[in-house]
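Colleague: In terms of our numbering, the sequence shown opens at residue 36 and continues consecutively.
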Amino acid sequence: MSTATPLDTTISVITPENIAFDYELAGPFRRLPAYLIDILVRLGLILAVGMVLGLLGLATSIWIPGSFFLAGMLVAYFLISWFYGTVLETYFNGRTVGKWMFGLRVIGIDGRPVDGTGAVIRNLLRIADLAPLAALSQFDSDLPAVYVIPTGIVGLVCMVSTRRMQRLGDLAAGTMVVVDERSWRLPVTQVDDPRAAALASFLPADFRASRTMARTLATYVERRAYLTPPRRREVARVLAEPISERIGFRSDVDPDLLMMALYHATFLVDPRQQAAGGEPPAGPSPLLRDVNVAQEIPVARLASGPEASGLESDPAAGVAPNAEVAGSDQRPGEAAVIQTGSIETEERP
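1) Who are the near neighbours of L139 in its chain, counting only those whose CB is closer than 6 Å to its CB and skipping five residues on each side?
2) Would you give the residue range spanned by the alpha helix (DSSP H) that T263 belongs to?
3) Our contact map puts V183 next to L203 with C-beta atoms below 8 Å; I'd like the distance itself, whole angstroms only.
4) Considering only residues of the same chain and omitting the five flanking positions on each side of T121, which have a CB-CB separation below 6 Å?
5) Excluding sequence positions up to five away, which residues of its chain have a Cβ less than 8 Å from the Cβ of P290?
6) Just tell me which of T210, R198, L91 has its CA closest to the CA of D150.
7) For D145, which three-state DSSP category applies?
8) Just curious, the beta strand (DSSP E) that T210 is in, first and last residue?
9) From D73, I72, A166, pick the residue whose C-alpha is nearest to that of P185; which is it?
10) Am I right that L234 and L303 are in contact with their C-beta atoms under 8 Å? What's the rounded C-beta distance?
11) If you run the structure through DSSP and keep just helix, strand and coil, what is P239?
12) Assuming L88 and G107 are in contact, meaning their beta carbons sit under 8 Å apart, how far apart are those beta carbons, in whole angstroms?
13) Based on Cα-Cα distance, which residue from T197, S116, Q201 lies nearest to T73?
14) State buried or exposed for V110, treating a residue as buried only when at least 16 other CB atoms are found within 10 Å of its CB.
15) Check for me: the beta strand (DSSP E) holding L292 runs from which residue to which?
16) Please classify G345: does DSSP put it in a helix, a strand, or coil?
17) Name the two residues that bound the continuous alpha helix (DSSP H) containing T247.
18) Could you tell me which residues DSSP pairs with D185 in its beta bridges?
19) How is L178 classed by DSSP in three states: helix, strand or coil?
20) At what residues does the alpha helix (DSSP H) containing V226 begin and finish?
21) Would R198 count as contacting chain D if we go by Cβ distances under 8 Å?
22) Helix, strand or coil: how does DSSP classify T44 here?
23) Here's a check: name, in chain order, each residue in its chain whose Cβ is nearer than 6 Å to the Cβ of Y232, leaving out the five neighbours to either side.
24) Give me the Cα-Cα distance between T224 and R199, rounded to the nearest whole angstrom.
25) Leaving out five residues on either side along the sequence, give the residues of the same chain with a beta carbon under 6 Å from the beta carbon of V76.
26) Using only the alpha-carbon positions, how far apart do I282 and F237 sit?
27) Thinking just about the alpha-carbon of each residue, which of D228, A296, G92 is nearest to the one in L252?
28) When the Cα atoms are used, what is the spatial distance from P239 to A249?
29) So which of L123, G146, R130, F127 has the shortest CA-CA distance to I46?
30) Just the C-alpha distance for L160 and F104, rounded to the nearest angstrom, thanks.
31) What are the residues that DSSP puts in a beta bridge with R140?
32) Can you tell which of L71, P63, Y112, R66 has the C-alpha that lies nearest to the C-alpha of I81?
33) Would you identify the three-state DSSP class for R157, choosing helix, strand or coil?
34) Which term fits L178, buried or exposed, when burial requires 16 or more other beta carbons within 10 angstroms of its beta carbon?
35) Buried or exposed, going by whether 16 or more other CB atoms sit within 10 Å of the CB of A208?
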């Protein structure tokens with residue numbers, strides 16, 4: 036007897052850094068409560084505009100004709116209905132009030148934050164996803180035929196028919212809605228190897244780790260103590276090679292040491308000191324442009340186990356992003372797989 040295959044609600048996204056992130060997709064029944072909350076918020080804003088117009092008329096003793104009041108309400112209804120989602124998703128990292136309350140977020144299908152164009156497209160096409168409209172006169176003959184309610188059948192069918200559970204607006208904008216719950220944090224790990232700080236001093240002055248890179252660095256440094264040295268270098272090589280090429284480091288720089296240097300620069304260095312210039316670079320240059328005068332950076336020889344890793348956890352020092360590296364079954368050349376979930380990184384509010 037055959038058994039039904041369980042519905043897979045995760046999607047893997049490979050970033051330019053050759054890192055695969057697994058996101059949990061938000062299905063229609065998880066998105067519906069968030070949408071209802073957003074409807075209530077929009078209605079509240081429209082009512083607030085009406086109250087402000089009424090109070091303005093009372094405070095100024097100016098009589099506002101009913102036609103002007105109605106026109107003001109219609110303008111408020113149009114602006115709030117069409118641009119509420121667009122503005123919030125653009126400037127609040129893909130979240131509206133409803134999505135924030137239910138732990139959802141809009142991102143691009145490439146894993147990047149949704150931009151203004153994508154937010155406009157997906158919100159303008161929402162009316163198509165709410166089709167067809169059902170006349171209330173079908174349920175009560177006394178009601179006028181102009182009273183209609185959206186059924187959302189088009190959006191529902193589209194979501195259950197696509198791999199990423201996208202409605203028409205998501206398909207046109209290249210976006211998807213994922214679960215973005217944040218329940219716990221990783222402590223900042225202190226890097227005691229002085230070579231990491233020395234190597235970090237050669238990073239560009241304007242170096243800023245992206246959200247994807249930051250969570251990857253935090254996860255690697257937190258878990259590297261439990262990997263054997265060969266496995267540690269194997270995982271670090273996959274993660275560090277694209278970053279090293281982008282920064283302009285030589286290929287013989289130890290990838291494990293480079294990951295720790297990037298972590299040091301991202302989480303352990305005060306950005307204000309980094310912007311002010313800090314101390315001059317220490318040690319031989321690892322940069323490609325200095326290849327004629329640089330000396331080889333020694334390969335890190337670190338024993339396995341947390342005691343010999345040169346790292347120790349310091350929960351009081353702060354928090355770092357959270358993700359899980361599936362390094363136990365990764366082969367060379369494959370993307371490192373990160374399970375997203377509770378992630379705390381610097382981002383827009």
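We put the CB at the ideal spot given by N, CA and C, even for glycine.
Modeller: This is what the structure gives:
1) For the purposes of this step, residue 139 is identified with residue 104 of the sequence shown, where counting begins at 1. Only A61, A69, V212 meet the Cβ criterion.
2) Working through the sequence shown from its first residue, we reach residue 263 at position 228. Segment: none, T263 is in no alpha helix (DSSP H) and carries neither H nor E.
3) Start at 1 with the first residue of the sequence shown, and residue 183 comes out as number 148. Start at 1 with the first residue of the sequence shown, and residue 203 comes out as number 168. Between L203 and V183 the Cβ distance is about 19 Å, and since that is not below 8 Å, they are no contact.
4) Here residue 121 corresponds to residue number 86 of the sequence shown, with the count starting at 1. A154, V155, N158, listed in sequence order.
5) Here residue 290 corresponds to residue number 255 of the sequence shown, with the count starting at 1. Answer for P290: R268, A271, R272, L274, A275, E276, S279, listed in chain order.
6) Here residue 150 refers to the residue found at position 115 when the sequence shown is read from its first residue. For D150, the closest of T210, R198, L91 by C-alpha to C-alpha distance is T210.
7) What you label residue 145 is simply residue 110 of the sequence shown in a count that begins at 1. Looking at D145 - three-state DSSP - the assignment turns out to be coil, as it is neither helix nor strand.
8) Looking up residue 210 in the sequence shown gives position 175. 210 to 214 is the span of the beta strand (DSSP E), which, as asked, contains T210.
9) Within the sequence shown, the letter at position 150 stands for residue 185. Checking every option, the nearest Cα to that of P185 belongs to A166.
10) The sequence position of residue 234 within the sequence shown is 199, counting from 1. The sequence position of residue 303 within the sequence shown is 268, counting from 1. Taking the Cβ atoms as the reference, L234 lies roughly 13 Å from L303, outside the contact range of under 8 Å.
11) Your numbering for residue 239 matches position 204 in the sequence shown. Three-state DSSP puts P239 in coil, outside helix and strand.
12) Counting from 1 along the sequence shown, the entry for residue 88 is found at position 53. Counting from 1 along the sequence shown, the entry for residue 107 is found at position 72. That belief holds up - the Cβ atoms of L88 and G107 are roughly 5 Å apart, short of 8 Å.
13) If you number the sequence shown from 1, residue 73 lands on position 38. For the record, residue 73 in the displayed sequence is Asp; it is not Thr. It is S116.
14) Taking the sequence shown and counting its residues from 1, one reaches residue 110 at position 75. Answer is exposed; the Cβ neighbour count stays below 16.
15) Here residue 292 corresponds to residue number 257 of the sequence shown, with the count starting at 1. No beta strand (DSSP E) holds L292; the alpha helix (DSSP H) holding it covers 290 to 298.
16) Residue mapping note: residue 345 aligns to position 310 of the sequence shown, counting from 1. With a pLDDT of 43 at G345, under the threshold of 50, the modelled position of this residue cannot be trusted, and the question is left open.
17) Locating residue 247 in the sequence shown gives position 212, where the first residue counts as 1. Residues 246 to 258.
18) One-based indexing of the sequence shown puts residue 185 at position 150. Here residue 185 turns out to be Pro, not Asp, going by the sequence shown. In the DSSP assignment, the residues bridged to P185 are L168.
19) For the purposes of this step, residue 178 is identified with residue 143 of the sequence shown, where counting begins at 1. Here L178 sits in coil by DSSP.
20) The sequence position of residue 226 within the sequence shown is 191, counting from 1. Segment 224 to 226 is the beta strand (DSSP E) holding V226; no alpha helix (DSSP H) there.
21) Here there is only one protein chain, and chain D is not present.
22) Taking the first residue of the sequence shown as position 1, residue 44 is located at position 9. Of the three classes helix, strand and coil, the one that applies to T44 here is coil, per DSSP.
23) Walking along the sequence shown from the start, residue 232 turns up at place 197. Position check: residue 232 holds Ala in this sequence, whereas Tyr was assumed. Excluding positions up to five away in sequence, the list reads H299.
24) In the sequence shown, residue 224 corresponds to position 189, counting from 1. In the sequence shown, residue 199 corresponds to position 164, counting from 1. Answer to the nearest angstrom: the Cα atoms are 35 Å apart.
25) Numbered from 1 along the sequence shown, position 41 holds the residue referred to as residue 76. Excluding positions up to five away in sequence, the list reads V132.
26) Along the sequence shown, one-based indexing puts residue 282 at 247. Along the sequence shown, one-based indexing puts residue 237 at 202. If you take the alpha carbons of I282 and F237, they lie about 10 Å apart.
27) The residue labelled residue 252 in the question sits at position 217 within the sequence shown. When each option's Cα is compared against that of L252, the closest is A296.
28) Along the sequence shown, one-based indexing puts residue 239 at 204. Along the sequence shown, one-based indexing puts residue 249 at 214. Cα-Cα distance, rounded: 16 Å.
29) What you label residue 46 is simply residue 11 of the sequence shown in a count that begins at 1. The shortest C-alpha separation from I46 is found at G146.
30) Within the sequence shown, residue 160 is the residue found at index 125, counting from 1. Within the sequence shown, residue 104 is the residue found at index 69, counting from 1. Approximately 29 Å between the Cα atoms of the pair.
31) Within the sequence shown, numbered from 1, the residue matching residue 140 stands at position 105. Looking at the DSSP assignment, R140 forms a beta bridge with V213.
32) Position 46 of the sequence shown, counting from 1, holds the residue named residue 81. For I81, the nearest C-alpha among the options comes from Y112.
33) Position 122 of the sequence shown, counting from 1, holds the residue named residue 157. Here R157 sits in helix by DSSP.
34) Locating residue 178 in the sequence shown gives position 143, counting from the first residue. So L178 ends up on the exposed side.
35) Your numbering for residue 208 matches position 173 in the sequence shown. Burial call: buried.
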